[in-house]
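Data block below; observations after.
Take a look at the structure:
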């Protein structure tokens, strides 16, 4: 009996499919078995749990636990130590401050004595309308002639000054440039005395023996303070 070609082709395809399926299944089983080698199921037996808990307990028993009394003693001793250290440091600081203040008190009279020591020929005073100016000393220092000046207002009205109007001249009538430091821009009525410095460069004083100061208030210009014949030390 002659087979139909279509049936034959169908049978061949079916055989090939069955063969390839069988080969694929075998190959998958082989790969899965190889992948699961060395993997075991967890052991959930009670005996193993007991053994593991026992070993953990043995490990914990190796720790040395401190008693509450001992912990309190340690904390108390540390607190007392810090308190003593702080007290000691504070006492050292107090002693140092005491020594410094004592040293300052000992040095202060010496400084006051030096400041109060008058220079020969000084002070040189001038007064106008209750406002006074006094040159306390004249000394060469740091390339300049330093005139120590005190000013006070005993009048009833405050007085303002602009020291750019300060007129400084030598014994030959020449005008000298000068700068001021510490002198107040305003003298209050019945106020205290104020101290400052007038500085004249020594380069301008080669052949000068005496200098003079003249100052007027600003802007009223109702008073004029003049201090003449201030000696220049060499």
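Residue numbers (the working numbering): -15 to 218.
All residues carry an ideal CB built from backbone N, CA and C; glycine is no exception.
Euclidean distance between Cα positions of residue i and residue j
i: residue 16; j: residue 52; result: 59 Å
i: residue 232; j: residue 140; result: As shown, the chain starts at -15 and ends at 218. That puts residue 232 outside it, with no answer to give.
i: residue 162; j: residue 217; result: 17 Å
i: residue 143; j: residue 152; result: 20 Å
i: residue 1; j: residue 10; result: 14 Å
i: residue -3; j: residue 20; result: 35 Å
i: residue 177; j: residue 201; result: 17 Å
i: residue 190; j: residue 103; result: 22 Å
i: residue 8; j: residue -12; result: 31 Å
i: residue 225; j: residue 195; result: This structure gives no information on residue 225, because the portion of the chain shown stretches from -15 to 218.
i: residue 197; j: residue 174; result: 23 Å
i: residue 154; j: residue 193; result: 8 Å
Contact check, residue i vs residue j, beta carbons under 8 Å
i: residue 124; j: residue 160; result: no
i: residue 137; j: residue 114; result: yes
i: residue 211; j: residue 112; result: no
i: residue 235; j: residue 150; result: With the chain represented from -15 up to 218, any question about residue 235 goes unanswered, as that position is not in the structure.
i: residue 169; j: residue 145; result: yes
i: residue 172; j: residue 105; result: no
Beta-carbon proximity list for residue i, same chain, < 6 Å, skipping 5 on both sides
i: residue 118; result: 107, 109 and 134
Other residues of its chain near residue i: CB distance less than 7 Å, five sequence neighbours each side excluded
i: residue 147; result: 164 and 167
I'd like the ranges of any alpha helix (DSSP H) spanning at least 4 consecutive residues and lying wholly in the segment 97 to 175. none
So does the segment 133 to 148 actually touch the segment 170 to 183, counting three or more Cβ pairs closer than 8 Å? yes
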